[in-house]
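516 is the number of the first residue of the sequence shown in the working numbering; add one for each residue after it. Read through the structure below, which is laid out as structure tokens, and then see the notes.
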Amino acid sequence: MTSISNSWSSKTKNKPKNVFFRNSLLFLVWASIILSMSTLILSWIAIENDVAVKEGLHGGNKDTALDLRSPKKTRGKRNRPEKDEKAQHDSGISNNQIYQPTQKGKRLLTYKRFGGRLNNQLFQFITALQHAKVLKRTFVVPDEVREVEWTGMFDTSFGIWDLSSLNKAYDIDWTTAFSPNFEVPEECVLSPRDGAKLLKGGPKLWVEWDKKCPDIIDLAGNTGLLFCDGQHQFCGDAEAQEMAYDIYKHLKLSPSLLQYIPSKSKEFKDQGFDELAVHSRRAGEGGYSWELCIKGNKRTCSGHVDTADLGKYCDERTMKGNCAVWLDFDYQIKSKKFLKKKRDQYKFVLASDGTHDWSIDFDGQFIVANNTEWLLKIEKKAKERDVEGMAISTYAKSKLRGQKDLSKIKSTLDALSATLLDLFSLVDSKYLLGAYYSTLSLNACYFRGPDRMYDSNMCWMLMHPKSKYAISPPLK
């Protein structure tokens, strides 16, 4: 009895502790359940907010599963303009209005040419002229000394360019660079880094350079093409980039050369060649390797296209196929409007590097520019005058000194005129199928202008002065 009583007494004494333990355990269980439910609710709210934000930024990106050749239905919301405090002032006054230089001096701007071919030379020329326009300086065009530098702009007797509109619109000095006393102080030769940030620095930075270099600035020296925010994109805010676009309106071929582009021929429209223009570069030939082509295409595309659209416009098939466009022709045309049901229905203007025989794939379906007649006329003209007197640039003088004909410069003249005809051949057709990593296609895009940028597989990528990334083409 004593043992039972003691046992009951022990249980009675422990009961409050057991109740407390059980209640504590239940409390913890319920707390865990409530916490889990709260977490789920908060997560759901966060997900909904995230979706809303993405829809706000990306225009409700519901068409990512569309065919790659079907562009987006809406544009603009997902890619809002950048707010550059140096360029977009609360007052709405542009940098061009704010910057009114008072610093005295010669106020010149020049650059050193580098080893790129013709279209690289043209892009560098336009970039420098753009900077001179923004900075309100006179543009001193540097001499053309080597063959690779020769654009024919100085040597007007050849009748390659019509520069009358360009000279009227801009303050350009074509003579100072030939002076033996023409030089740039070392402290006024901008480093690549300084050159890249010059235009975005705004009036405050420009005034600092005016004080430091009132007479002349060398734009980044001999450093190659000056790209800033993206591959093949001009520097500066929206106003500055649009100034660069405007230069292309004034840079024109001479009528005597321009008459040989396909759009000047009768069959251009009569036979339907005005629908499409194709720029062909064959990777794997010479120094233009497959790796260089594919990597260059990806660099250009990914540098301009927002992450949400990379799969649509920068996919692996597009990037590789563009390096041999004839192998995957339909897929490279990113607009259904210009697709044909059958391959043999295509007709187009072709600008080719000559490394692939397009007649194998599209025999009789394309036309090309031909400079033969123009060359014959130039040779005839040279025989009727002092050949040596036709030269102005150092390169032309070195080739024509003591000559009676153009034999020493004929091959260079042939290549130059053929490339320019190819370039301007791409401008007039309704749709441009260009090469993403080519400065020839790049220049063709800018010559076509912003109003026609969506009539191309690539031009729209390059022109987005008011936003960080390109605005995807509207769904057609």
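Glycine included, every Cβ here is placed at the ideal spot set by N, Cα and C. Every value quoted in this text rests on a predicted model; they were computed, and no experiment measured them.
Per the Cβ contact rule, the region 904-919 is not in contact with the region 955-968 (fewer than 3 Cβ pairs under 8 Å). At the C-beta level, D670 and I907 come within 8 Å of one another.
Going by DSSP, A792 is part of the beta strand (DSSP E) stretching over L791 to S795. In chain order, S795, W841, L865, S867 and F881 place their CB closer than 8 Å to the CB of W873, counting only its own chain and leaving out the 5 sequence neighbours on each side. By the beta-carbon neighbour count (other beta carbons within 10 angstroms, threshold 16), E664 is buried. One thing to note: P980 has its Cβ within 8 Å of the Cβ of A753. In this structure, the beta-carbon distance from D859 to L890 does not fall below 8 Å. DSSP places I809 in the uninterrupted alpha helix (DSSP H) bounded by W805 to H819. For T870 and S804, the gap between their C-alpha atoms comes out near 13 Å. When the five nearest sequence neighbours on each side are left out, the beta carbons in the same chain lying within less than 7 Å of the beta carbon of G836 are those of L842, D843, Y846 and Q847, in order along the chain. Every alpha helix (DSSP H) of 4 residues or more that sits fully in the region 761-785 is shown, in chain order, as 770-773 and 782-785. When beta bridges are read from the DSSP output, W676 appears opposite L768.
Annotation for V722: the continuous alpha helix (DSSP H) segment containing it runs G717 to K727.
For G667, same chain residues with a beta-carbon under 7 Å away, outside a window of 5 residues either side, are F673, I675, W676 and L931 in chain order. Distances from the alpha-carbon of L713 to those of A933, T833, D901 and A643 put A643 closest.
Taken in chain order, the complete alpha helix (DSSP H) segments of 4 residues or longer contained in the region 896-942 are 909-915 and 925-940. Pairwise C-beta distances place the region 739-748 out of contact with the region 647-657, as fewer than three of them are shorter than 8 Å. Taking all protein chains in view, the Cβ of K892 is surrounded by fewer than 16 other Cβ atoms within 10 Å, so the residue is classified as exposed. Contact check for Y946 and S850: beta-carbon distance about 6 Å, within the 8 Å limit, so the pair qualifies. Rounded to whole angstroms, G607 and R916 show a C-alpha spacing of 56 Å.
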